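The structure appears right after this line, and notes come after that.
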Amino acid sequence: MSIQLALDGVSRSFDGFKAINELSITVDKGELRAVIGPNGAGKTTMMDIITGKTRPDEGSVLWNQSVDLTELDEAGTARLGIGRKFQKPTVFETQSVEDNIALALANERTVWATLFHRRSATEAARIGEILELVRLDGERAAQAGDLSHGQKQWLEIGMLLAQDPELLLVDEPAAGMTDAETMRTAELLREIAGQHTVVVVEHDMEFVRALDCRVTVLHQGHVLAEGSLDHVSANPEVVEVYLGR
Amino acid sequence: MGLIDRRMGIFLAGLFVLTVAIPYGNMAMEGQPVPSYVVSLLGKYLCYALLAVALDLVWGYCGILSLGHGAFFALGGYAMGMHLMREIGDRGVYANPELPDFMVFLNYDALPWYWYGFDMFWFACAMVLLVPGTLAFVFGWFAFRSRVTGVYLSIITQAMTYALMLAFFRNEMGFGGNNGLTDFKDVLGFDLQSDVTRAWLFGLSAFALACGLLLAKAITQSKLGQVLIAVRDAESRTRFLGYRVEEYKLFVFVVSAMMAGVAGALYVPQVGIINPGEFSPANSIEIVIWVALGGRGTLVGAALGAIIVATFQTVLTGWIPEIWLFALGALFVFVTIFLPKGVLGLIEGRQRGQATSRKRSADREDGLDLDVRPESMRGGGRP
Chain A
1 MSIQLALDGV
11 SRSFDGFKAI
21 NELSITVDKG
31 ELRAVIGPNG
41 AGKTTMMDII
51 TGKTRPDEGS
61 VLWNQSVDLT
71 ELDEAGTARL
81 GIGRKFQKPT
91 VFETQSVEDN
101 IALALANERT
111 VWATLFHRRS
121 ATEAARIGEI
131 LELVRLDGER
141 AAQAGDLSHG
151 QKQWLEIGML
161 LAQDPELLLV
171 DEPAAGMTDA
181 ETMRTAELLR
191 EIAGQHTVVV
201 VEHDMEFVRA
211 LDCRVTVLHQ
221 GHVLAEGSLD
231 HVSANPEVVE
241 VYLGR
Chain B
1 MGLIDRRMGI
11 FLAGLFVLTV
21 AIPYGNMAME
31 GQPVPSYVVS
41 LLGKYLCYAL
51 LAVALDLVWG
61 YCGILSLGHG
71 AFFALGGYAM
81 GMHLMREIGD
91 RGVYANPELP
101 DFMVFLNYDA
111 LPWYWYGFDM
121 FWFACAMVLL
131 VPGTLAFVFG
141 WFAFRSRVTG
151 VYLSIITQAM
161 TYALMLAFFR
171 NEMGFGGNNG
181 LTDFKDVLGF
191 DLQSDVTRAW
201 LFGLSAFALA
211 CGLLLAKAIT
221 QSKLGQVLIA
231 VRDAESRTRF
241 LGYRVEEYKL
251 FVFVVSAMMA
261 GVAGALYVPQ
271 VGIINPGEFS
281 PANSIEIVIW
291 VALGGRGTLV
301 GAALGAIIVA
311 TFQTVLTGWI
321 PEIWLFALGA
331 LFVFVTIFLP
341 KGVLGLIEGR
351 QRGQATSRKR
361 SADREDGLDL
371 DVRPESMRGG
381 GRP
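Which chain is which? The protein sequence lines are A and B, in order. Here the first sequence is numbered in the numbering used here, starting from 1 and rising by one per residue. Here the second sequence is numbered in the numbering used here, starting from 1 and rising by one per residue.
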C-alpha cells in the first residue's frame, strides 16, 4: 500500500515552547488512523502544519511521496485534496444548510468560475445525497446558525464529504454529540475510510474503540506509541501520561 | 431569485419616478416648483448613494471595513475634474489655451505629463475607472496577501486616504493644491449652468445608481457572493475549503473602488468643484455611517442611508450649522445600539432577523464573529 502522508522529523516551536518536537508519522492511503494524546500534545499544531496554516521550523511533510506540503497555504492543500474539520464546528452561520454544502462541493475555486457558476443537476443531486447522509435533508433551507451543536458537527462533516478530499483530517468530531450520534459518526468514518484516508483526533476513548483502527499516541509533540488500541493501552508510558489520569 | 426583489423593485421604481418628476418640475411646470439648485443637490445625493452601495459591497458582504473609500470617490472626481479643466480652454482668466488657470498662476510652462489625454472625454472616463481601480488593486494586493484584516485593515485604508489628502494639498502635485479644480464651464459642449445639462447629469446619476445597485446585486447573488459572505463570516474556514480568500477580496475591492470612482466623476460636474478635502478621513467615515444607518449588507439600505443622512445634513446645516457633526455622531450611536439592521431593517420589521443578528455566533477558531454591528464598535479582528 502506498503512503499518503509522511511527516518526518517535524518540529515547531512557539515562543520557545516546542509544540511539535521531532514528529514522524506516516499514514497509508485509505487508512483510518486515530491520534490521541493529552491536551497540549500538539495534535492541533500537527493538523495546522499538514494543512499549510503553520510552517514547521524543520522537517518535511510529504504528500503522496512527492509534494512538499510545507510549501503550500491552506487553499493550496485544500485544492490538493486535504479536507479539515475543526474541533469547534465551523459552518457559515448566515447561509442556508444547502448553501453550506454547495460552497464545499468540489469545483473550480477561481473568482471567474464562481462568478458565473450555475448549479448543475448533478451538483444538486450530490447536495441532496450528502444532506441525506448526514441526516439534514429536513433542514435544507434552515440557516446554519440556527442548527443545534450536534447538527452543526454533522453539517461540517457533510461539507467535508462534499469537498471529496483524498485525506480527511477530523478534529474531535464527537464533541457535543449524544452517544447514539457518536456511534453513528464512528460508523460513517469507518465507511468512508478505504476510499479516503482519514485521520481522526479524539479524546473520547469509547469513540476511538468504535473506530477500531491503528492508534497513534502523541505526547509533548512526538509519538509516544503506535499500534492497536489494546497495544498502546498496555504501554506503561501511555498509561502514565494519558490513560491513567 | 431574480435581480429585482421586492425592496430593489420599490427602490428602483421610486428612483425612476424621481428621475422623471424632478426635471419635469424644474423645467416644464408653471412657476418652477423645483428650483435648479435642488436638481443638482439631489443629483449629488444620488452620487453619495452610489458611493454607499460601493462600500456596502465590500463591508456588508465581505467584511472589509474600508475607512478610505472617499479616496476612490475623490480620484474618480479628480479624473473628471481634469477633463472639465481642459475643456475650459482659453476661456480661463489667463486665457491660456493649454494650461488651466492655476498652472499659469504657479508659473508652469508646460502641461505635466499626467495631464496628457484628459482633453479627450473618453480618456477621462477610462481614467475614472482605471485610477481608483488600480489603486485598489495595488493596495488590496499587498494588504490581503499579508492577511491584514479587521481593525488593522480599517486603519491602513484610513492612512491611505489621509496620505492622498496631504499629497493633493501640495501645489507641486499639479492638481491645483488646496483650491482643487473648479470654474468648470461645460461638458461635451453643454453648459454646466443650464437646466437641461443639470437635468441630464441628475438623470445620469440615477442611471448610474441603478446600474451600481444591479451590478452589486448580481455579484452578491452569484456563487461568488456566497463565497464573499463565507469570507465575512468565517474567513479561515473558507481557506480550508480551497478558496483563495485574497483573490476574492481583491476582486470585490476593485469593483467597489471603480463604482466609487464613477460616483465621484458624476459628483464633480454637479457641485462644480473637487478639492483635497474630499480625501479627508472624516468623509470616508461618514460613508460608513450612511451604510450602517441604512442597513449593512442590504445594498438598497445603503443607498437609502446616504440619501437620508445627506438630506438631514442639508436641512440641519441650513438651520443650525454648529450642531451638524454632533447630530451625525449621535445618529450613529443611536443606530448602532437600537437599529442593528438599520433603517431598512426597521421598515421591513423582520423580528426574526433581528433576533438572529443579536445572537452572537459561536466562538470560532479565528476569533471573529459575524455580528452585523460595525466592527469599529466592537474591537475584534487581528492581523
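C-beta: ideal position from N, C-alpha, C; glycine also. Since this is a predicted model, take the numbers as computed values, not measurements.
Query: Contact with chain B by V134(A), beta-carbon distance below 8 Å; Result: no
Query: Cutoff 8 Å: A257(B) Cβ touching any chain A Cβ; Result: no
Query: Per-residue contacts from V97(A) into chain B (C-beta, under 9 Å); Result: Near V97(A) there are no residues of chain B at all, since even the closest Cβ is about 13 Å away, more than 9 Å.
Query: Residue interval of the alpha helix (DSSP H) (run including V39(B)); Result: 36–62
Query: Reference E316(A), options R84(A), I130(A), D179(A), closest by Cα; Result: This structure leaves residue 316(A) out entirely; chain A is present only between 1 and 245.
Query: Touch test, the region 267–277 of chain B against the region 64–83 of chain B, Cβ-Cβ under 8 Å, three pairs minimum; Result: yes
Query: Assigned secondary structure, L26(A) (DSSP; H/G/I helix, E/B strand, else coil); Result: Here the sequence assigns Thr to residue 26(A), which means Leu is not the residue at that position. The answer is strand: DSSP assigns T26(A) an E or B state.
Query: Residue interval of the alpha helix (DSSP H) (run including R184(A)); Result: 179–192
Query: Exposed unless 16 or more other CB atoms sit within 10 angstroms - verdict on A199(B); Result: buried
Query: Within chain B, partners of L103(A) - CB distance below 9 Å; Result: K223, Q226, V227, A230, T238, L241, Y243
Query: Amino acids of chain B, ordered along the chain, whose beta-carbon sits closer than 8 Å to that of Q153(A); Result: Here the premise fails: no neighbours, minimum Cβ distance about 12 Å.
Query: Short Cβ contact (8 Å threshold) for W290(B) with A52(B); Result: yes
Query: C-beta neighbour in chain A for Y267(B), strict 8 Å; Result: no
Query: Within-8 Å CB hit, F251(B) to chain A; Result: yes
Query: Residue interval of the alpha helix (DSSP H) (run including G295(B)); Result: Per DSSP, G295(B) belongs to no alpha helix (DSSP H) and is neither H nor E.
Query: Beta-carbon gap between I211(A) and L218(A) smaller than 8 Å; Result: Reading off the sequence, residue 211(A) comes out as Leu, not Ile. No, these two residues do not count as a Cβ contact at 8 Å.
Query: Those residues which DSSP pairs with D68(A) across a bridge; Result: L62(A)
Query: Spatial distance of K44(B) from R232(B) (CA atoms); Result: 31 Å
Query: Closer than 8 Å to chain A by CB, Y248(B); Result: yes
Query: Three-state class that DSSP yields for R358(B) in the structure shown; Result: With a pLDDT of 43 at R358(B), under the threshold of 50, the modelled position of this residue cannot be trusted; read the value that follows with caution. Of the three classes helix, strand and coil, the one that applies to R358(B) here is helix, per DSSP.
Query: Touch test, the region 115–132 of chain B against the region 249–266 of chain B, Cβ-Cβ under 8 Å, three pairs minimum; Result: yes
Query: C211(B), buried or exposed, once every other Cβ within 10 Å from all chains shown has been counted against 16; Result: exposed
Query: Nearest candidate by alpha-carbon position, reference T197(B), set R237(B), L266(B), V245(B), G180(B); Result: L266(B)
Query: Nearest neighbour of A193(A), chosen from Q4(A), R12(A), L32(A), D15(A) [CA to CA]; Result: L32(A)
Query: First and last residue of the uninterrupted beta strand (DSSP E) at I3(A); Result: 3–14
Query: Secondary structure of G212(B), DSSP reduced to three states; Result: helix
Query: Coil, strand or helix - I273(B) by DSSP; Result: strand
Query: Member of R7(B), D191(B), L224(B), H69(B) whose CA lies at the smallest distance from the CA of C62(B); Result: L224(B)
Query: Short Cβ contact (8 Å threshold) for G9(A) with E71(A); Result: no
Query: Cβ pair L50(B), V262(B) closer than 8 Å; Result: yes
Query: Interface flag, V111(A) vs chain B, CB-CB below 8 Å; Result: yes
Query: CB contact check: L161(A) to chain B, cutoff 8 Å; Result: no
Query: Uninterrupted alpha helix (DSSP H) stretches inside the region 82–132 of chain B (no shorter than 4 residues); Result: 101–105
Query: First through last residue of the alpha helix (DSSP H) which encompasses E129(A); Result: 121–133
Query: Spatially closest choice to G301(B) from A54(B), V268(B), I64(B), I219(B), by CA coordinates; Result: A54(B)
Query: Interface residues of chain C facing E74(A) [CB-CB closer than 7 Å]; Result: Considering every chain present, this structure includes no chain C. Its protein chains are A and B.
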